[in-house]
Amino acid sequence: MPGTPHTTQLAVIGAGPGGYAAAFLAADLGLQVTLIDPEPQPGGVCLYRGCIPSKALLHVAKLLDEARQATRWGVTFAAPTIDVEKLRAWKESVVHKLTGGLADLCQRRHVAYIQGRATFRNATTLAVHTASGEDIEVTFTQAIVATGSQPATLPRLAVDWRDGVGAGRSPSPRLLDSTSALALTDIPRTLLVIGGGYIGLEMGSVYAALGTQVSVVEMTAGLLPGVDRDLVHVLSRRLEQSLAAIMLNTTVVAMQAAVDGISVTFEGAELQQPQQVFEKVLIAVGRRPHSQGLGLENTRVEIDQRGFITVDAQRRTAEPSIYAIGDVAGEPMLAHKATHEGRIAVEAIAGHKVAFEPHAIPAVVFTDPEIAWCGLTETQAKQEGRRIEVARFPWAASGRAMTLDRTDGVTKLILDPETGRVLGVGLAGSGAGELIAEGVLAVEMAALASDVALSIHPHPTLSETLMEAAEAFSGQSTHIYRPQRRRSSA
Ligand code: NAD
195 MPGTPHTTQL
205 AVIGAGPGGY
215 AAAFLAADLG
225 LQVTLIDPEP
235 QPGGVCLYRG
245 CIPSKALLHV
255 AKLLDEARQA
265 TRWGVTFAAP
275 TIDVEKLRAW
285 KESVVHKLTG
295 GLADLCQRRH
305 VAYIQGRATF
315 RNATTLAVHT
325 ASGEDIEVTF
335 TQAIVATGSQ
345 PATLPRLAVD
355 WRDGVGAGRS
365 PSPRLLDSTS
375 ALALTDIPRT
385 LLVIGGGYIG
395 LEMGSVYAAL
405 GTQVSVVEMT
415 AGLLPGVDRD
425 LVHVLSRRLE
435 QSLAAIMLNT
445 TVVAMQAAVD
455 GISVTFEGAE
465 LQQPQQVFEK
475 VLIAVGRRPH
485 SQGLGLENTR
495 VEIDQRGFIT
505 VDAQRRTAEP
515 SIYAIGDVAG
525 EPMLAHKATH
535 EGRIAVEAIA
545 GHKVAFEPHA
555 IPAVVFTDPE
565 IAWCGLTETQ
575 AKQEGRRIEV
585 ARFPWAASGR
595 AMTLDRTDGV
605 TKLILDPETG
615 RVLGVGLAGS
625 GAGELIAEGV
635 LAVEMAALAS
645 DVALSIHPHP
655 TLSETLMEAA
665 EAFSGQSTHI
675 YRPQRRRSSA
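First residue of the sequence shown? That's 195 in the numbering used here, and the numbers climb one at a time after it.
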């Protein structure tokens, strides 16, 4: 059904943390803005089926783990009773509150929100099929594509549904992706997670805490490929206790529906059981940019071989009226990177002199312990043949970590050996995700180790581990003894 044509200065396609932040800033700068998304309210994958619901569940997982650990402190709780429906409802209430809040902010800023799917007709026109079945033509001066990404699939491992009665052609409900895993329809007895990355480990941890026997299969030699090994090691040690199995250097070669689950065939050098049945299987092998089906072929926007939209430092595409931000515009696929890019794109549209040139995009894996890093990593320095010095502070020497009974952690600064400039920060430990923000500031402000060391940190907190790592650079950390390598000239 044709609807009323709509004209706007800025059309933002996709209302995730990239798109809605861009739309809000543009409205604040006085632009007339239209935000388009298939969901009823802004939020995108992050709020509806990503960051937020997973963190709500990870919070519960941490509580369950701590309650179990409390026995060591002389406090014993009865085994938990988990009301899955109530847990799901609580998680959904968090999502609802946040997306509702965004809808309200949209209205207050006079951002026109259209619930629907947009496709480009040309460099200044979108065809939008709305949720109510209308077809609207939206004419814009500028557009920002913020359509995000979607889970990568393994088509050769598709499993048809044939539990109980005969074979069917629909995909097996036992096969999960991040969205269906977060839906938390039930707590399976066993779960295989394919992919030892962010999603696999976060969701694997949630289900393990809820009582599922979780196995993880990872095709590379270690969990979280690319992340510094000393950080991953801290996490692996704990996961070895909470997970049923971690199979490295292993791939899944076949999956078949079985009566009581999915029968999985593995291939790998160190396998004990090459075939096993799991009640459910979660595929978490990465995400791919959502750049298809947007009509970009009707514009001059260019897409690279991996499906990312090519953008310049202002996030402008090869089509001057169209910008792209977030997961669809390249890695890392992180919400906060999308938000920052949204700011850059909007300011560029508003005529400000800006560029996307961060020195530190923080990454956090919200497992327990958490892993967080920003700026230069040891792995990257090695690959680039860059000379660095690493100052480490083990959490075993932190009073605060001891009071939390969580000495399984490490804080490290990656430093320029000549100047002591902080080039990167890495953390593994409980709450590392909150601590990394100081690292980001240090890297962005070109702080020296001495700047961090001379900033008084509150005691007793885990933040002191950053200060003490900085002190360790000059051999003067209070709580670890290292032979002095550098003496102050005083
Ligand atoms: P990922 O890239 O983090 O991990 C995928 C893992 O799967 C890798 O370790 C890879 O080696 C492995 N793998 C790939 N194919 C495989 C196969 N056939 N068999 C076994 N292992 C295989 O991807 P993800 O966990 O799906 O997450 C996708 C993206 O979403 C991440 O890159 C991240 O940007 C984002 N994300 C971020 C957060 C966060 O910020 N905390 C949380 C979730 C997702």
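Each residue gets a CB set at the ideal place from its N, CA and C atoms; glycine is no exception. Computed from a prediction, not measured in an experiment: that's the story for all the values here.
- Judged by their CB atoms, PRO552 and THR597 are not nearer to each other than the 8 Å cut-off.
- As the crow flies, the alpha-carbon of HIS200 is around 19 Å from that of GLN235.
- GLN508 sits away from VAL540, with the two beta carbons spaced by 8 Å or more.
- Of the candidates ALA205, ILE308, ILE503, ALA205 places its Cα closest to the Cα of GLN336.
- THR511 is classed as buried because its beta carbon has at least 16 other beta carbons within 10 Å across all chains shown.
- In the same chain as SER624, and ignoring 5 residues on each side of it, the C-beta atoms closer than 6 Å to its own belong to PRO563, ARG600, in chain order.
- Secondary structure of MET639 (DSSP, three-state): coil.
- For GLU564, the secondary structure class from DSSP, reduced to helix, strand or coil, is strand.
- Comparing alpha-carbon positions, the option among LEU621, SER592, ALA591, ALA590 lying closest to THR605 turns out to be LEU621.
- Residue pairing for ASN316: DSSP places it in a beta bridge opposite THR319.
- Annotation: GLN344 to TYR401 spans about 22 Å, alpha carbon to alpha carbon.
- With a 10 Å radius around the Cβ and a threshold of 16 neighbouring Cβ atoms, ASP498 comes out exposed.
- With a cutoff of 7 Å, MET449 does not count as near ligand 1, since its C-beta is closer than that to no heavy atom of the ligand.
- When the beta-carbon positions are compared, VAL387 and ALA478 come within less than 8 Å of each other.
- In the structure shown, ARG481 adopts extended strand secondary structure according to DSSP, grouped into three states.
- For HIS530, the number of other beta carbons within 10 angstroms of its own is at least 16, and it is reported as buried.
- Relative to the Cα of LEU417, the nearest Cα in the group ILE565, SER671, LEU385 belongs to ILE565.
- GLU412 places its beta carbon 8 Å or farther from that of THR459.
- Around the beta carbon of LEU648, fewer than 16 other beta carbons sit within 10 angstroms, so the residue counts as exposed.
- With fewer than 16 neighbouring CB atoms inside 10 Å of its own CB, VAL453 falls in the exposed class.
- Sixteen is the threshold: since fewer than 16 other Cβ atoms of the shown chains lie within 10 Å of the Cβ of ALA640, the residue is exposed.
- Residue pairing by DSSP places THR324 opposite GLY310 in a beta bridge.
- Taking a contact to require three or more Cβ pairs closer than 8 Å, the region 515 to 528 and the region 325 to 341 qualify as touching.
- If you check the C-beta of GLY501 against ligand 1, you find no heavy atom less than 7 Å away.
- With a contact defined as Cβ atoms closer than 8 Å, ARG350 and VAL475 miss out at about 14 Å.
- Here the C-alpha atom of ALA352 lies approximately 8 Å from the C-alpha atom of SER366.
- For PRO232, the secondary structure class from DSSP, reduced to helix, strand or coil, is coil.
- Distance from the C-beta of MET596 to the nearest heavy atom of ligand 1 is not below 7 Å.
- In the pairwise beta carbon analysis, the region 660 to 678 is classified as touching the region 607 to 621: at least three pairs are separated by under 8 Å.
- The beta carbon of PHE550 lies closer than 8 Å to those of ALA507, GLN508, ARG509, HIS534, GLU535, ILE538 in the same chain, with the five residues before and after it left out.
- With contact defined as three or more Cβ pairs closer than 8 Å, the region 300 to 318 and the region 227 to 245 are in contact.
- The C-alpha of THR202 is placed about 50 Å away from the C-alpha of ILE650.
- It is roughly 36 Å from the alpha-carbon of GLY244 to the alpha-carbon of ASP645.
- Between ASP422 and TRP589 the beta-carbon gap is near 16 Å, outside 8 Å, which marks them as no contact.
- Residue environment analysis places GLY224 among the exposed positions, since fewer than 16 neighbouring C-beta atoms fall within 10 angstroms of its C-beta.
- GLU632 is positioned such that its CB atom lies closer than 8 Å to that of SER657.
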